[in-house]
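Written below as structure tokens is the structure these notes are about.
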Amino acid sequence: MKDVVLVRVLIRDPSNNKTLLLRRPKDYFLSLQQEPPGGKVEKNETLLEAVHREVYEETNLLIDKIKYIQEFTFADRRGKKYIEHIFHAEIITDPSEVVINIHEHESFEWILCDTILDRNLHPEFKKALKDCQDIWLDNYNI
């Protein structure tokens, strides 16, 4: 079984120091969980290319000042291994221009970055964020 490589991007709005979370639909995999934009890295695609593509596909936003934070691994119930790479970035488009992909998410919200760990996140992602909290919070100048 081949590992699945994923990217996840903590997007900061520098005008108000908030970060973007998307909510999965009720009757969908990981029902109602919130997550930053991201997804699977495609064949022959670099991590950075996947970051830009996934953010644009899921939110219609453009980003820059991309920083790699860390990776973590987890397995699903069948034992399939996932390697998820966490990045931080800033938007360069207006935050009001968010247009979500309704096939993957039902809503979005800009939240204060220091409240992200209080949200309904995938447990493995939340654990990874806790483990590197000092690194990503530094990007928010807290």
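Per the UniProt record's numbering, the sequence shown starts with residue 1, numbered consecutively.
Note that CB positions come from ideal geometry on N, CA and C, so glycine has one too.
- In this structure, the alpha-carbon of L61 lies about 6 Å from that of V98.
- In the structure shown, S96 adopts helical secondary structure according to DSSP, grouped into three states.
- DSSP, read as helix, strand or coil, puts I102 in coil.
- Within the same chain, and ignoring the five residues on either side of A89 in sequence, the residues whose Cβ sits closer than 8 Å to its Cβ are V9, L10, I11, R12, V51, V55, I63, D64, K65, I66 and K67.
- By the neighbour-count criterion, in which a residue is buried when 16 or more other Cβ atoms sit within 10 angstroms of its Cβ, H103 is exposed.
- Bounds of any alpha helix (DSSP H) do not take in K80, whose DSSP letter is neither H nor E.
- Residue environment for K18: buried (at least 16 other C-beta atoms within 10 angstroms of its C-beta).
- In terms of Cβ geometry, F74 and E124 form a close pair [threshold 8 Å].
- Note on geometry: alpha-carbon atoms of I116 and L129 lie some 9 Å from one another.
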